[in-house]
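Protein chains: 2
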Amino acid sequence: MAEQEKEAALPPKENFSEWYNDLLLKGEIMDVRYPVKGLYVWFPFGFNIRRNVYDIIRRLLDKDHQETLFPLLIPENEFMKEAEHIKGFEEEVYWVTHGGTSPLDVKLALRPTSETAIYPMYKLWIRSHADMPLKLYQIVNTFRYETKHTRPLIRLREITSFKEAHTVHATWEDAASQVDEAIRLYTDFYRQLAVPVLASKRPDWDKFPGADYTIATDALMPDGKTLQVGTAHHLGDNFAKTFDITYEDAEGEQVYAYQTCYGISERSIASMISIHGDDKGLVLPPAVAPVQVVIIPIIFKKPEGVLEACEDLKAALEAAGIRVKMDASDSRPGAKYYKWEMRGVPVRLELGPRDLKNNAAMLARRDTGEKQQVSLDNITEDVLSLLGEIHEGLYEKAKASVQERIFECEDIATIKEKLAEGIAKVFWCGNKECGLKLEEDIGAGILGIPIDQTEGCSGKCPVCGSDADTQVYIARTY
Amino acid sequence: MAEQEKEAALPPKENFSEWYNDLLLKGEIMDVRYPVKGLYVWFPFGFNIRRNVYDIIRRLLDKDHQETLFPLLIPENEFMKEAEHIKGFEEEVYWVTHGGTSPLDVKLALRPTSETAIYPMYKLWIRSHADMPLKLYQIVNTFRYETKHTRPLIRLREITSFKEAHTVHATWEDAASQVDEAIRLYTDFYRQLAVPVLASKRPDWDKFPGADYTIATDALMPDGKTLQVGTAHHLGDNFAKTFDITYEDAEGEQVYAYQTCYGISERSIASMISIHGDDKGLVLPPAVAPVQVVIIPIIFKKPEGVLEACEDLKAALEAAGIRVKMDASDSRPGAKYYKWEMRGVPVRLELGPRDLKNNAAMLARRDTGEKQQVSLDNITEDVLSLLGEIHEGLYEKAKASVQERIFECEDIATIKEKLAEGIAKVFWCGNKECGLKLEEDIGAGILGIPIDQTEGCSGKCPVCGSDADTQVYIARTY
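These protein sequence lines map, in sequence, to chains A and B.
Count the first sequence with numbering that gives the first Met the number 0 and you get residues 0 to 477, in order.
Count the second sequence with numbering that gives the first Met the number 0 and you get residues 0 to 477, in order.
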């Protein structure tokens with residue numbers, strides 16, 4: 000699609016925002032030219048990445064969840080039942096008011112999230128202890144009338160790829176374990192995207208509307224801001240009381256069930272491409288790359304045997320389950336390198352007459368840029384093992400980059416200074432007033448209390464100066 | 000979920016409408032109790048079937064199409080551009096008029112179909128001959144404000160599983176070939192669901208709003224009505240003119256492109272379960288059955304070795320890629336048979352102490368009800384081959400049932416009589432007036448001209464009596 004426009008370099012990644020926008024177009028992830036603010040179009044290449052990413056989350060969830068699908072449209076009366084929940088969403092909800100040319104009797108909300116669509120059905124489905132735990136999920140489009148600046152994959156009016164799980168449990172403790180399990184599952188999911196995430200318990204004033212508490216996972220973006228890329232909410236029995244979800248306990252009494260919900264979205268893809276990409280374009284972890292290996296035949300003089308050798312190589316790699324593309328188009332080699340580097344293909348193999356004579360190929364790694372000659376003997380095994388190595392390399396590099404950008408800080412001035420680069424880790428007395436004052440003084444939010452908090456450490460709250468044994472992350476956020 | 004309610008028999012299939020509704024609940028396909036008319040909830044089991052069905056269509060399309068995703072919301076000005084198209088849909092469109100508590104500047108339509116969402120982008124993407132053919136598809140939710148009687152999977156206000164493809168071609172002829180190709184692809188798809196379909200060219204007054212012509216595939220339902228389960232539209236350059244989709248031809252002139260679109264929906268699942276199901280519940284083609292084999296250990300006296308042998312059998316079948324469930328629950332065997340028959344599991348294996356001694360199992364086929372003892376030697380190969388046989392059996396039976404219910408008719412009275420049982424095949428002079436008169440006299444619609452029309456046959460138009468060499472299908476339709 001309009002190749003000629005695109006062979007220009009990206010802006011340097013230091014200019015993160017420009018780089019990101021240009022990468023989405025040139026890497027063929029999203030087209031931002033759809034004529035409604037905050038709505039974007041997935042290019043087929045981007046959608047292919049999306050498929051691979053969502054296959055991973057499906058595989059992880061399918062072990063003990065079931066996939067389902069609930070309606071998009073929620074009647075106003077159901078939507079308005081849970082008071083805290085409405086407060087959290089009322090300014091963001093799109094309303095359908097007309098069907099054809101007639102006004103509807105009951106207004107319909109486009110789900111901003113599906114608690115109020117799902118829980119009236121859970122009321123019907125949960126009867127006894129034997130119906131729990133119930134663990135369902137769906138992957139759906141959801142809608143938020145965002146008034147803030149919108150940004151593809153990050154802040155959307157149509158979240159096209161919201162994976163939301165909703166579970167029901169007999170006890171508060173079981174639900175709490177499920178929240179922990181969800182965070183482990185998301186951490187594992189992000190590990191498979193080579194994205195390190197930080198899990199923390201959100202401060203009470205930043206939890207999900209209607210929840211007892213929220214634990215979230217955040218990715219640290221190249222510009223030092225954090226992106227919330229997963230949340231898990233303990234809903235207590237708050238929604239169960241609103242939607243009358245009860246079961247008969249051992250004594251024959253009807254008691255309320257406990258619930259959790261947890262979600263991720265295409266922000267997973269935003270974090271992955273932002274963290275790994277470079278000035279030449281996408282750098283995709285092999286697990287999700289639509290093309291894992293591109294083969295470039297060097298054939299400017301149409302030498303015999305090269306194309307056939309490339310076809311054989313392709314077939315051999317494909318037989319091992321590797322996603323391979325052979326680019327035998329008429330473009331110049333340089334244009335081909337540009338194109339497949341932009342699209343983040345982890346491994347490039349070039350094969351010309353001289354290589355063929357040596358029973359070898361030239362291999363270029365997208366992540367490090369290294370080139371080396373490799374033998375065609377055992378090339379399948381070598382490429383498979385290299386793909387694994389590339390994945391680990393991406394993860395380790397990203398992890399080191401996060402570690403380098405978490406700063407233990409003791410006073411407001413240092414916090415402010417370090418926030419330009421990354422995350423401040425600060426002691427906090429736990430008092431809400433101090434927390435809010437801290438946020439105000441710094442001009443950034445408390446992300447939350449790390450779930451892997453070190454036991455027994457202590458310091459001083461930078462606001463009130465009292466002793467504190469709790470640390471919090473503070474960050475500029477998307 | 001509320002097992003106790005469900006061990007009652009279905010109404011007989013002769014009472015198709017009641018049978019269908021009850022099957023959806025007891026077979027755990029859809030829950031119809033969602034509190035908005037025309038919107039339904041997929042049970043996890045039903046959604047599992049949906050996954051398998053849509054994996055098939057994806058595999059077929061992925062050979063030369065690419066999957067993508069466009070926004071749900073279409074701004075009023077784009078939606079209103081194509082006059083015929085609007086006329087076809089204006090009474091059926093849901094409108095979003097408010098974001099939060101504020102009215103929107105531009106009303107947004109929930110897509111009833113995506114031409115007007117996609118084609119403004121195609122204008123940007125199509126520049127030259129080299130950009131064509133462009134063949135994209137998406138699987139999305141679409142919305143129709145249906146005023147007719149709604150019915151799960153068949154007539155919905157939220158079509159949850161609309162697969163729509165949109166292609167662009169350089170010539171009218173290329174687009175026509177693509178329409179034919181789409182019909183072949185759909186026929187193949189339905190073949191994999193063991194559903195025979197009839198393809199016919201819709202009369203001009205029943206084509207897609209804005210198309211040059213429409214070819215559709217219909218399934219013949221148990222009650223003798225036809226269900227339209229796939230459509231392919233030749234859009235000519237009608238939409239290209241509206242949305243300014245042009246390319247530079249060999250002479251350097253900007254000319255309009257030609258387009259097609261084609262779609263299927265969850266009606267594919269409706270037809271499949273309706274055609275194959277029986278008084279005991281679902282009968283699922285093995286390719287889409289979430290459970291292909293259920294193993295029932297006969298263990299009422301806890302005999303040694305039976306459970307282990309069942310586990311071994313399960314592992315052996317799974318290793319061959321078969322989806323197996325072992326039901327070692329405490330329920331009575333009768334309750335287990337009821338449950339798994341209702342869910343359409345193609346093969347049941349019962350294994351008790353006596354079987355074990357004989358190195359055998361009792362095998363029951365869901366489609367024919369036949370039971371026979373089978374040796375545990377080679378059981379994997381035998382089951383695999385039986386699954387294939389079951390699929391063919393379902394298809395052949397369904398095909399014979401369609402053939403028996405197509406009646407060649409010469410006069411209005413016979414047509415009317417035969418329509419109670421199935422489809423009338425009738426000569427038609429091709430005159431629109433006669434066609435409309437025919438529909439009026441009969442009280443049923445002309446489905447279309449069969450695409451496999453026999454060459455050279457001839458008869459008389461039952462309305463005007465003139466010679467005719469075109470036959471049409473007439474049917475009562477959903």
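Positions of the beta carbon are idealized from the N, C-alpha and C atoms, including for glycine.
As the structure is a computational prediction, the values presented were derived from the model and not from experiment.
- Annotation: the continuous alpha helix (DSSP H) that includes V382/B extends over 378-403.
- Apart from the 5 residues on each side of it in sequence, K324/A sits with its Cβ closer than 6 Å to the Cβ of V290, V293 in its chain, given in chain order.
- Between D326/B and K338/B, the C-beta spacing is below 9 Å.
- For G368/A, the number of other beta carbons within 10 angstroms of its own is below 16, and it is reported as exposed.
- The beta-carbon of Q258/A is placed no less than 9 Å from the nearest beta-carbon of chain B.
- Judged by their CB atoms, L393/B and V282/B are nearer to each other than the 9 Å cut-off.
- Of all residues in the region 141-152 of chain B, only Y144 come within less than 7 Å of chain A when Cβ atoms are compared, listed by chain position.
- Using a CB distance cut-off of 9 Å, F242/B does not count as an interface residue toward chain A.
- DSSP places D203/A in no alpha helix (DSSP H); its state is neither H nor E.
- Partner residues in the beta bridge of S101/A, as assigned by DSSP, are G98/A.
- Under the three-state reduction of DSSP, L152/A is assigned to coil, being neither helix nor strand.
- Counting the other CB atoms within 10 Å of its CB gives D61/B a total below 16, which places it among the exposed residues.
- Rounded to whole angstroms, G333/B and T216/B show a C-alpha spacing of 40 Å.
- N47/A has a beta carbon lying within less than 9 Å of a beta carbon in chain B.
- One thing to note: T259/B has its Cβ within 9 Å of the Cβ of H168/B.
- Interface residue (Cβ-Cβ distance to chain B less than 9 Å): D30/A is classified as such.
- Listed in chain order, the positions of the region 63-97 of chain B with a beta carbon within less than 7 Å of a beta carbon of chain A are Q65, E66, T67, L68, F69, P70, L71, L72, P74, E77, E89, E90, E91, V92, Y93, W94, V95, T96, H97.
- A residue is called buried once 16 or more other Cβ atoms fall within 10 Å of its Cβ, and S127/A, having fewer, is exposed.
- Residues of the region 405-421 of chain B that bring their beta carbon within less than 9 Å of a beta carbon in chain A are absent altogether.
- DSSP, reduced to helix, strand and coil, places M29/A within a strand of the structure shown.
- In the DSSP assignment, F78/A falls within the unbroken alpha helix (DSSP H) covering 75-78.
- Cβ proximity to chain B below 9 Å picks out S101, L103, V105, K106, L107, L109, A116, I117, P119, M120, L123, W124, I125 from the region 101-125 of chain A.
- In the same chain as S457/B, and ignoring 5 residues on each side of it, the C-beta atoms closer than 8 Å to its own belong to F426, D466, A467, D468, in chain order.
- In this structure K424/A is not in contact with V462/A, their Cβ atoms being roughly 16 Å apart against a cut-off of 8 Å.
- Look at the region 402-431 of chain B and you find these whole runs of alpha helix (DSSP H), each 4 residues long or longer: 411-418.
- Note that the region 10-18 of chain B does not touch the region 230-248 of chain B; fewer than 3 beta-carbon pairs, one per stretch, sit closer than 8 Å.
- In terms of beta-carbon proximity, E163/B stays away from the interface with chain A, with every pair separated by 9 Å or more.
- A contact is defined here as three or more CB-CB pairs under 8 Å, and the region 237-256 of chain B fails this definition with respect to the region 300-318 of chain B.
- DSSP places P296/B outside any alpha helix (DSSP H); the residue lies instead in the beta strand (DSSP E), whose first and last residues are 292-296.
- For G45/A, the enclosing alpha helix (DSSP H) covers residues 43-61.
- The continuous alpha helix (DSSP H) containing H84/A extends over residues 82-88.
- Per DSSP, L184/B has no beta bridge partner at all.
- Residue pairing for H128/B: DSSP places it in no beta bridge.
- Residues of the region 13-39 of chain B with a C-beta less than 8 Å from any C-beta of chain A: D30, R32, Y33, P34, V35, L38, Y39, listed in chain order.
- Per DSSP, the unbroken alpha helix (DSSP H) holding C309/A starts and ends at 305-318.
- At a beta-carbon threshold of 7 Å, the residues of chain A lying near W41/B are T67, L68, ordered along the chain.
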